[in-house]
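Those protein sequence lines, which keep their order, are chains P and R.
Heads up, this note's numbering is the position in the first sequence plus 714, with the first residue counted as 1.
Heads up, this note's numbering is the position in the second sequence plus 6, with the first residue counted as 1.
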Amino acid sequence: MSIVLIGINHKSAPVEVREQLAFSDEACTAGLRTLVDGEIVKEGLIVSTCNRVEVLTATTQERLNETFERVNQFLEQTDKLTASAIQPHLYQHTDDAAIRHIFRVTSSLDSMVVGEPQVLGQVRRAYSIALEAGTAGRVLNRLVHHAFRVAKRVRTETGIGANAVSISYMAVELGKKIFNSLAGHTALLVGAGEMAELSARHLVNAGVSRVLLANRTADRAAQLAAELGGETVKFEALPQYLPEADIIICSTAADGYLITEQMARDSLSKRRNRPAFFIDISVPRNIDPAVGKIPNVFLFDIDDLESVISSNIREREREAERAELIVESEIMQFQQTLRVLDIGPTIGALRNKLQNVARSELLRQRNRLGPLTAEQEAAVEALLLSTVNKISHPLLSHMRRSYDASDAEAIQAWRDIFGLEE
Amino acid sequence: MRSLLLAVLAAYVVSAIHAVLAFLNKRRALQRVSEWAMGIGFVMHTAALIADWAIDGHYPLFYRRETLSFLAWTLVASYALVLYRYRARPLGAVTLPLVSLLVFLAIIIGAAAPDQAEASIRSATWLFPVHTTLLLFAYAAFFVVFLASIMYLLQERELKLKTFSAIFHRLPSLTTVNEIATSSAAIGLTLLTVGIATGMVWASSRDGRVWHNDPKEIFAVLTWLLYLLLILYRSSSSWRGRKAAWIGVAGFALVLITFFGARLMGGYHVFG
């Protein structure tokens, strides 16, 4: 049993190449049906996202080279570029390396942003497509489920997915750190830029109850307010609404401070000192840096956010090292599973063979036994079969041990003795 | 009762180790082990206190070993309440090791040389145990205020400096620790007030005097004043951050002096 993985990702190829290879869900299903022929490629699965295309297949040891050829051919046919253009970007992994790769992909260790959670869902999706297409079998089922387990372990045992690594998510994370839950809190957007919009969406998803929008052009604010279920407020009325807001995000092109220290102080005393969280993602800055010195006020400008993010990324990378150890230990476990998978048919064949001997002997000698009741007949057969099973049991467990020890010579010897073909 | 107390200690140590590991590794499974061990320890501890009471024939809060054990018991009860109300698990990583230490000390002190508490036992009416029990619970509440205040200060500082240490993300939110500190301070002050009042009633019925100019009394009153100040300060606005937290820390220093220090200065109060 061998596992072959051929693919392309954001590290091995630029987007111009990757986009030529991307599969839609339908193309995945159709592609799998042509790729998996049951002879050379026994099982197949295609993961296709904007950052990667991975073709994962299971085959037998003997047909490894043919499988490589077939998958490469398949990819070249799919590719809208010429074959020579894609070839240098493909990576090819076999067995351990292939297992390691799929574990790392699923655990988000191979992602552009290490620890991002989407990739797990994408692999899940790819797996359900393969199931529908009927191309995920014994080996890939186990492999993919094992990969999900590894991803879960990595997520719970390391901090790889902890701590925000984007500005828009940072607002949510720090907001929760200050307010515990965002429910019942109000966010105020000053300026309706793209970044502010993204942050606001995250905040709404995280439970912020009320969104206020202040923009110089009322149209844009009204449109965004409608989308987010927020209210627009007049830009000039900012000081009036400031005390109502717990989280304030500024992102305008204004030249100078829209929120001065005095405004923030007034707002805070109207809020009876309840903490306020200011985020200034505009350049030049819209919030006077002195605001950050007021007690119970927390101000983050774009540089502060960036520096927290880069330290969070470093933290994730440190955690990724721990995750790699988990992956390695899981690879060893999976090999064990594979070995058992492989031995199954051999043991089954042997057991059948021995039982057939018992049955045919019974048939041959049946006349000599004279008339028997149905019960007696069944008893005789059971007697023979259980004798065979009892005798073969130590044999089979010895065989299993040879497999566990990967003792190739012994395994071959067993096969020769009983004349078993694979 | 020594063997039962050893079992209690074992349960608390298991709980403490798992709480610390859960804090460091963020593992849910470890936290569950910690909480179960704590629960089992607490039940056995309660049984040990009741058995002590039944066997020795006096309320189990006179001798020093009894005080330590009882104090540990009130700390566990307080932490369990905070856990139930706020899910503030990181508190356990500090409280449970301390609880284990207190029980350990209670065991090694054991029934060694009867101390000065003898006199109190003889003259104790029902008011006396009420007085001491209330005060121990008040101290436990102030310990919770102290821990929550420290957590507030650490996080507030990091938010202001915009650099976050590894433990930052493991602590409860600012709002949570602020609420814990506020409500525990209110509970602690109430217990302290009633505790001091019962002490005065008991003292006046015993020897006709309410006040003995004893260091413990003086510090207790200072403590009471400081926490009263804290409560008033907090309630004068809907949120008091750093200053209130510093008072919470200072208040606990005073509590420690009242509880342990006053003993060194001698006086009317003989245990603690």
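For each residue, glycine too, the CB sits at the ideal point set by N, CA and C.
Own chain partners of residue i with C-beta closer than 7 Å, once the 5 adjacent residues on each side are dropped
{"i": "residue 1037(P)", "result": "821, 823, 868, 872 and 874"}
{"i": "residue 85(R)", "result": "97, 98 and 101"}
{"i": "residue 883(P)", "result": "916"}
{"i": "residue 202(R)", "result": "226 and 230"}
{"i": "residue 261(R)", "result": "145, 148 and 229"}
{"i": "residue 1091(P)", "result": "none"}
Chain R within 8 Å of residue i, Cβ atoms only
{"i": "residue 882(P)", "result": "no"}
{"i": "residue 891(P)", "result": "yes"}
{"i": "residue 1021(P)", "result": "yes"}
{"i": "residue 1014(P)", "result": "yes"}
{"i": "residue 877(P)", "result": "yes"}
{"i": "residue 987(P)", "result": "yes"}
{"i": "residue 1000(P)", "result": "no"}
{"i": "residue 1003(P)", "result": "no"}
{"i": "residue 1108(P)", "result": "no"}
Inter-residue CB distance, residue i and residue j (contact presumed, cutoff 8 Å)
{"i": "residue 917(P)", "j": "residue 886(P)", "result": "6 Å"}
{"i": "residue 142(R)", "j": "residue 80(R)", "result": "5 Å"}
{"i": "residue 200(R)", "j": "residue 133(R)", "result": "No, residue 200(R) and residue 133(R) are not in contact; Cβ-Cβ is about 11 Å, not under 8 Å."}
Neighbourhood of residue i by C-beta, 8 Å cutoff - its chain only, sequence neighbours within 5 removed
{"i": "residue 782(P)", "result": "718, 720 and 806"}
{"i": "residue 235(R)", "result": "253"}
{"i": "residue 726(P)", "result": "803, 804 and 805"}
Rounded separation between residue i and residue j - CA only
{"i": "residue 1042(P)", "j": "residue 942(P)", "result": "45 Å"}
{"i": "residue 877(P)", "j": "residue 35(R)", "result": "21 Å"}
{"i": "residue 227(R)", "j": "residue 210(R)", "result": "17 Å"}
{"i": "residue 21(R)", "j": "residue 245(R)", "result": "34 Å"}
{"i": "residue 167(R)", "j": "residue 1018(P)", "result": "9 Å"}
{"i": "residue 54(R)", "j": "residue 148(R)", "result": "25 Å"}
{"i": "residue 208(R)", "j": "residue 991(P)", "result": "52 Å"}
{"i": "residue 950(P)", "j": "residue 197(R)", "result": "51 Å"}
{"i": "residue 1136(P)", "j": "residue 832(P)", "result": "With a pLDDT of 49 at residue 1136(P), under the threshold of 50, the modelled position of this residue cannot be trusted, and the question is left open."}
{"i": "residue 910(P)", "j": "residue 996(P)", "result": "10 Å"}
{"i": "residue 978(P)", "j": "residue 94(R)", "result": "31 Å"}
{"i": "residue 24(R)", "j": "residue 1045(P)", "result": "29 Å"}
{"i": "residue 722(P)", "j": "residue 1132(P)", "result": "45 Å"}
{"i": "residue 181(R)", "j": "residue 893(P)", "result": "5 Å"}
{"i": "residue 135(R)", "j": "residue 68(R)", "result": "9 Å"}
{"i": "residue 1024(P)", "j": "residue 169(R)", "result": "11 Å"}
{"i": "residue 1134(P)", "j": "residue 1060(P)", "result": "8 Å"}
{"i": "residue 223(R)", "j": "residue 217(R)", "result": "8 Å"}
{"i": "residue 9(R)", "j": "residue 73(R)", "result": "18 Å"}
{"i": "residue 1074(P)", "j": "residue 1108(P)", "result": "23 Å"}
Minimum Cβ-Cβ distance from residue i to chain P less than 8 Å
{"i": "residue 258(R)", "result": "no"}
{"i": "residue 29(R)", "result": "no"}
{"i": "residue 278(R)", "result": "Because the pLDDT of residue 278(R) is 43, which lies under 50, any placement of that residue in the model is unreliable, and the number read from its coordinates should be weighed accordingly. Output row for residue 278(R): interface = no."}
{"i": "residue 175(R)", "result": "yes"}
{"i": "residue 180(R)", "result": "yes"}
{"i": "residue 165(R)", "result": "yes"}
{"i": "residue 119(R)", "result": "With a pLDDT of 48 at residue 119(R), under the threshold of 50, the modelled position of that residue is not reliable, and the figure given next carries that caveat. Output row for residue 119(R): interface = no."}
{"i": "residue 190(R)", "result": "no"}
Same chain, Cβ closer than 6 Å to residue i, neighbours up to 5 away in sequence not counted
{"i": "residue 973(P)", "result": "1001"}
{"i": "residue 901(P)", "result": "917, 922, 925 and 961"}
{"i": "residue 51(R)", "result": "14 and 79"}
{"i": "residue 1127(P)", "result": "none"}
{"i": "residue 119(R)", "result": "Only weak support exists for where residue 119(R) lies, its pLDDT of 48 falling under 50; the coordinates are left without a value."}
{"i": "residue 912(P)", "result": "882"}
{"i": "residue 860(P)", "result": "1048"}
{"i": "residue 82(R)", "result": "48 and 105"}
Residue nearest to residue i in terms of C-alpha spacing, selected from the options
{"i": "residue 205(R)", "options": "91(R), 147(R), 266(R) and 220(R)", "result": "220(R)"}
{"i": "residue 17(R)", "options": "144(R), 78(R) and 33(R)", "result": "78(R)"}
{"i": "residue 948(P)", "options": "1100(P), 857(P) and 931(P)", "result": "931(P)"}
{"i": "residue 811(P)", "options": "857(P), 792(P) and 899(P)", "result": "857(P)"}
{"i": "residue 800(P)", "options": "849(P), 741(P), 731(P) and 818(P)", "result": "731(P)"}
{"i": "residue 114(R)", "options": "12(R), 225(R), 224(R) and 230(R)", "result": "12(R)"}
{"i": "residue 188(R)", "options": "216(R), 238(R), 104(R) and 49(R)", "result": "238(R)"}
{"i": "residue 987(P)", "options": "786(P), 959(P), 908(P) and 904(P)", "result": "959(P)"}
{"i": "residue 4(R)", "options": "862(P), 891(P), 976(P) and 864(P)", "result": "Residue coverage of chain R in this structure runs from 7 to 278, which leaves residue 4(R) outside it and unanswerable."}
{"i": "residue 31(R)", "options": "760(P), 870(P) and 1014(P)", "result": "870(P)"}
{"i": "residue 1033(P)", "options": "829(P), 762(P) and 956(P)", "result": "829(P)"}
{"i": "residue 899(P)", "options": "912(P), 907(P), 920(P) and 1112(P)", "result": "920(P)"}
{"i": "residue 980(P)", "options": "998(P), 957(P), 968(P) and 993(P)", "result": "957(P)"}
{"i": "residue 780(P)", "options": "761(P), 808(P), 766(P) and 763(P)", "result": "808(P)"}
{"i": "residue 71(R)", "options": "38(R), 42(R), 107(R) and 257(R)", "result": "107(R)"}
Test: residue i CB closer than 8 Å to a CB of chain A
{"i": "residue 246(R)", "result": "Considering every chain present, this structure includes no chain A. Its protein chains are P and R."}
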